[in-house]
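> The following block contains the structure, expressed as structure tokens.
Number of protein chains: 2
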Amino acid sequence: MVEVLKSSFEGILPVIEACIKDCSFIAIDTEFTGLSSNELNKNSLFDDGAARYIKQKDHIKQVTVSQIGISIFTEVPKENRYEASTFNFFLFPVSIGPVDVRFTCQSSSLRFLCQHNFDFNKFVYDGIPYLNEEQEILFHQALDDSLMVFESENNFDRREMKLLSTTIAEWLATAKEEDTIRLEKPAGVSDYSIYTQLRQTFPGISICCKDDTHVECQKLEESKRISKQLDEQEKERILDGILGFTRVFRLMVKHRKPLIGHNCMMDLMFIYEKFYRPLPDKYADFKRTLNELFPFLIDTKHVSSHLRPQFKETELFNNTGLMNLYQAFSSKEGMYIVLFSPSVSHSHAYTRYKNKSMIHEAGYDAYMAGYIFVRLAHLVAMQGVSSLVATPLTHRQHWVAMKPYIGAINVIRASINHISIEGPDPVSVRPEWLLVQSKKRAYPLKPLQLEGMFSAYGSVDVLLQGNREALVAVGNHRCAKDILTAFKSHNCLRVTKYVAWKHSPVARSLLWTSALMSGGVCAWLVWSASKKDS
Amino acid sequence: MVEVLKSSFEGILPVIEACIKDCSFIAIDTEFTGLSSNELNKNSLFDDGAARYIKQKDHIKQVTVSQIGISIFTEVPKENRYEASTFNFFLFPVSIGPVDVRFTCQSSSLRFLCQHNFDFNKFVYDGIPYLNEEQEILFHQALDDSLMVFESENNFDRREMKLLSTTIAEWLATAKEEDTIRLEKPAGVSDYSIYTQLRQTFPGISICCKDDTHVECQKLEESKRISKQLDEQEKERILDGILGFTRVFRLMVKHRKPLIGHNCMMDLMFIYEKFYRPLPDKYADFKRTLNELFPFLIDTKHVSSHLRPQFKETELFNNTGLMNLYQAFSSKEGMYIVLFSPSVSHSHAYTRYKNKSMIHEAGYDAYMAGYIFVRLAHLVAMQGVSSLVATPLTHRQHWVAMKPYIGAINVIRASINHISIEGPDPVSVRPEWLLVQSKKRAYPLKPLQLEGMFSAYGSVDVLLQGNREALVAVGNHRCAKDILTAFKSHNCLRVTKYVAWKHSPVARSLLWTSALMSGGVCAWLVWSASKKDS
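Chains as they are written, first to last, in my numbering: chain Z, 1 to 534; chain G, 1001 to 1534.
Following this line, the structure appears as structure tokens:
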């Protein structure tokens, strides 16, 4: 594993590009600054795919990614072996020129990162920038329109730039044409600020940010004095510096490699929003575009949940959490449950994770997801293959076996257990909702209280319908049955299965209307009959 | 100076209390995670006190205080000397039980903190908690109502607590009555979690968090088994641990010492919102309550701005920024501009700031504000005192001299330069607004463009009124005059002084109405006259 910071990013980028180009697949993971935007937006068993997307979207726009890990797995031909090159990026949002990102932190989420030794100083001091396309356009405009540049600079930049300008002005007073000066680059000031501001102030010199520490200026001949406008090459250079991790994202998209995550719905939404474009309003648009960006997506949480019933006799799938699966599959039993399991190793240069586990460091989590993918793929590919004819498999064969799982992304605590980005979502297999009614007028229902009562039987979510009725969504059939039994003869509560045609307000009002209408018709019939009689 | 962290807070609190009790005055400063909630909410020369309050209020509710400094100044009797004990607190909002604070960070504000070597790991890992009264009530309720306790615990706590519970259960299986066990306290888990959860799970034992690292449990005799409810003393103990810095705030209020800040409008609002109560909707309520909390408030930025014209011949007040004033007043000239200037020193135990300046560390900034207060107070007190009769002054005499400044808080970039928390705000002394009109239909006005054009003459803010009119608020009279001269014969723009009775939409419509009405009256008169004639 390599830790990638703003100060080392440019140097490592070519290595990352080479890895991505040649790899078999890429596993990802992200860490972020908040789990839910507020208490109302919590995940609920009532959510379908679209409802969950809308909840997460608002949240993801507000919080930010503090760390992203990518673990790049490459098959070593004829050795039945994969090698992983893992990169752990600290990210920090941009505050340069026209863009000054505001993001929300949730206290408990930062405390969670603490539990896993997250370094907040690396995050803020040396986090790599990134832009989505909307922000990139702002920079393009700002580079074309010098007015905006000065307006948005922060105070610190202004002070440092003033010092730099003064030095250049003094030098320029006596410099001859084609003289150059090499100056120390003020720490913390972006290439963006240097190019745009010095260009504006000193049209008669050429400027070049030599490396991370120096700026070189040359006094130009009268004839060569360039316009205040930056040329395209300079613009690109400046933008590259600000695009940061977005360039890695674009490499991942460009090379169309399989992308692996574990329970990665939020990771994917973060990647979309922060490095690509603002998340669209429509769920369908998100799914379609995500599928175009990453046509070969696999969620190992979904795959393992799906395989669990078939492997009941082993203990491999007892817990489908990332760490538990990794531990199960890297145990002897997990590795040799089928013949010719490929070995997985860290490639030479990436030794940080060799002898220790660093759970919830994004790079390590990404590596575990990729490792699990290899094991799952091999398990699936070998299903039904007799041990007499078994041979080691290639990545191609592994991939073919996993094709049925492409585009299925796990969702937690919802009415469905996964969504499909390739087409319509599956239908729910959760039990029907329960209907809770208060038997007594003096006993209004309270969601927190109901949750407390029912959660002893399993995971539940409560949706109040007025004062004396509530819907309860239940995680599984056993839990529903247990609740129905336990509350059969409760003093204050009546609990029944919710039947849409009987219980929904719409159905009820239809029923009432038709009852009244048919009643009316009857009355009319009686009346007109009696009239005839009379 | 002492740096105060969560881990050292309880130990230092008694020292702080003793200092506050005996001091002459307290100076404060805060650092926070964001400067403005969004671009629209930026400070503007159009703002009066109430408008500024409303803008800041929404912002302050969203961001958080990362550091607060209090510098406690005590007069040393008969030595013409003040001694300062300075405490620099790292703060971090609570995520325990029912409270999980979300706060906004502004990328540029965190980068600003970076420039001053802020340690973000101390902030998150070891920041002291704090509660306002609204949050404290939530905890009181949660402690009474065990239902809420479990519901809101975060995942990490749950895991660690499970391990602890298991250990206790195993011990309890064989323990005799009155046996005790001493267990390691899981790092990062609050006393709150330990008391509430263990009490609920094991009603038969007594629990005591011995120190920061251990929990002691005792198996109780049958007769002594206490109820699941916590007693008042235990509740208070738990709450004290969560109240954190709020306890220091309450000491400051209780002892009614003079409070000094420099340009401290935002500091005061932060203190109100985070340690006292949510900021009220009404500006008047905020002022009244703040005045009750801190009846002896002085803002050294306001005092020095006010003194500047009288001390034109010295260079002391050239720049009324905190650091500039401090440098000016700690120079030889600044110290001896009047006779018997008291000396100011750090008290023995607080050596961190002795030989270095640490600008924008809250503790150091607080110290500088207090230092400036001493110099200003002495300057004001000695005004008009002949050097023949001058003697050293007591703090009491200094304070009497400063009384006229009590309750006046500086505001930057607004229509007024300070507000008064003791009564109505002063009236604006800024120049009249300018009215900009586009001469050509094809030339709609753009605020950014106008700002760009006018800001060359001084600080301006632009407020668009439809497509072809804009109001411009100007910082000072010279700037207004320069703009009027420069744009006298502009191609596209007409710039005039704004005259309310002529230019405001209301005035205009009144004018039109009265014109039409008087026209109507005339017409009627003419008509009726003509009728008579006929």
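Glycine included, every Cβ here is placed at the ideal spot set by N, Cα and C.
(1) At what residue ranges does the region 1396-1477 of chain G contain a whole run of the alpha helix (DSSP H), taking only runs of 4 or more?
(2) Determine, for LEU1147/G, whether the minimum Cβ-Cβ distance to residues of chain Z falls below 7 Å.
(3) Given that PRO1093/G touches chain Z, what residues does it touch there, using C-beta distances under 8 Å?
(4) Let's see if you can read the secondary structure: which residues bound the beta strand (DSSP E) around GLN310/Z?
(5) Whose C-alpha, out of MET1161/G, ASN1080/G, THR1180/G, THR1064/G, is nearest the C-alpha of ILE1128/G?
(6) Using a Cβ cut-off of 7 Å, pull out every chain G residue sitting near VAL124/Z, in sequence order please.
(7) Between the Cα of GLU134/Z and those of LYS274/Z, LEU220/Z, SER66/Z, PHE90/Z, spot the shortest distance and give me the residue it belongs to.
(8) Compare the C-alpha of TYR1367/G against each of ARG1396/G, THR1086/G, LEU1259/G and name the closest.
(9) Where in the region 1292-1367 of chain G do unbroken runs of the alpha helix (DSSP H), each at least 4 residues long, occur, reported from the N-terminal end onward?
(10) Please tell me whether GLU1083/G and SER1330/G are closer than 7 Å, where the distance is taken between their beta carbons.
(11) Cutting at 8 Å between CB atoms, please list the residues of its own chain near MET148/Z, excluding the five before and the five after it.
(12) Here's a check: name, in chain order, each residue in its chain whose Cβ is nearer than 7 Å to the Cβ of LEU91/Z, leaving out the five neighbours to either side.
(13) Can you find a C-beta in chain Z that's less than 7 Å from the C-beta of THR1314/G?
(14) DSSP has VAL253/Z in a bridge; who is on the other side?
(15) Name the two residues that bound the continuous alpha helix (DSSP H) containing VAL15/Z.
(16) Report yes if the CB atom of SER1109/G is closer than 7 Å to the CB atom of LEU1035/G, and no otherwise.
(17) Less than 7 Å between the beta carbons of GLU1320/G and SER1304/G, yes or no?
(18) Do three or more CB pairs link the region 277-285 of chain Z to the region 233-249 of chain Z at distances below 8 Å?
(19) Hey, how far is the Cα of PHE1112/G from the Cα of VAL189/Z?
(20) Could you tell me which chain G residues have their CB closer than 7 Å to the CB of ASP100/Z, listed as they occur along the chain?
(21) Given that LEU103/Z touches chain G, what residues does it touch there, using C-beta distances under 9 Å?
(22) Could you give the distance in angstroms between the alpha-carbon of ARG1441/G and the alpha-carbon of ASN1491/G?
(23) Strictly below 8 Å CB to CB, what residues from chain Z border GLY1034/G?
(24) Which residue spans inside the region 1152-1210 of chain G form an unbroken beta strand (DSSP E) run of at least 3?
(25) Between MET1382/G, SER1386/G, LYS1403/G, SER1387/G, which lies nearest to LEU1393/G when the distance is taken from Cα to Cα?
(26) Using only alpha-carbon positions, find the residue among PHE123/Z, GLN115/Z, CYS114/Z that is nearest to GLU1114/G.
(27) Can you tell which of TYR1457/G, SER1343/G, CYS1208/G has the C-alpha that lies nearest to the C-alpha of THR1485/G?
(28) Out of curiosity, what's the CA-to-CA distance linking ARG413/Z and TYR336/Z?
(29) Between which two residues does the alpha helix (DSSP H) harbouring ALA51/Z extend?
(30) Going by the CB atoms, is the gap between GLU1216/G and CYS1208/G shorter than 7 Å?
(31) Per the DSSP calculation, ASN1088/G is bridged to which residue(s)?
(32) In whole angstroms, give me the CA-to-CA distance for ARG508/Z and LYS502/Z.
(33) Just to confirm my understanding: we take PRO1444/G, look at its own chain, exclude 5 residues before and 5 after, and list those with CB closer than 6 Å. What are they?
(34) Quick test of your reading: VAL385/Z and PRO342/Z, contact by CB under 8 Å. State the CB separation rounded to the nearest angstrom.
Quick answer:
(1) 1447-1454
(2) Below a pLDDT of 50, predicted positions are generally treated as unreliable, and LEU1147/G, at 41, falls in that range; the measurement from the model is reported next regardless. Chain Z contact via Cβ: present.
(3) SER107
(4) GLN310/Z -> no beta strand (DSSP E), and no H or E assigned at all.
(5) THR1064/G
(6) LEU1110, CYS1114, PHE1120
(7) LYS274/Z
(8) THR1086/G
(9) 1300-1307, 1322-1330, 1332-1335
(10) no
(11) With a pLDDT of 40 at MET148/Z, under the threshold of 50, the modelled position of this residue cannot be trusted; read the value that follows with caution. Hits under 8 Å: GLY97, PRO98, GLN141, ALA142.
(12) VAL65, SER66, GLN67, ILE68, GLY127, ILE128, TYR130, PHE245
(13) no
(14) Paired residue(s): none; VAL253/Z is not in a bridge.
(15) 6-22
(16) yes
(17) According to the sequence shown, residue 1320/G is Thr rather than Glu. Taking 7 Å as the Cβ cut-off, THR1320/G and SER1304/G qualify as a contacting pair.
(18) no
(19) 12 Å
(20) GLN1106, SER1107, SER1108
(21) Reading off the sequence, residue 103/Z comes out as Phe, not Leu. By Cβ distance, chain G contributes THR1104, CYS1105, GLN1106, SER1107.
(22) 13 Å
(23) ARG102
(24) 1180-1184, 1205-1209
(25) MET1382/G
(26) Looking at the sequence provided, one finds Cys at residue 1114/G rather than Glu. CYS1114/G has its Cα closest to that of PHE123/Z, out of PHE123/Z, GLN115/Z, CYS114/Z.
(27) TYR1457/G
(28) 33 Å
(29) 49-62
(30) yes
(31) GLU1003/G, GLY1069/G
(32) 6 Å
(33) ASN1467
(34) Incorrect: roughly 15 Å between the Cβ atoms, too far for contact.
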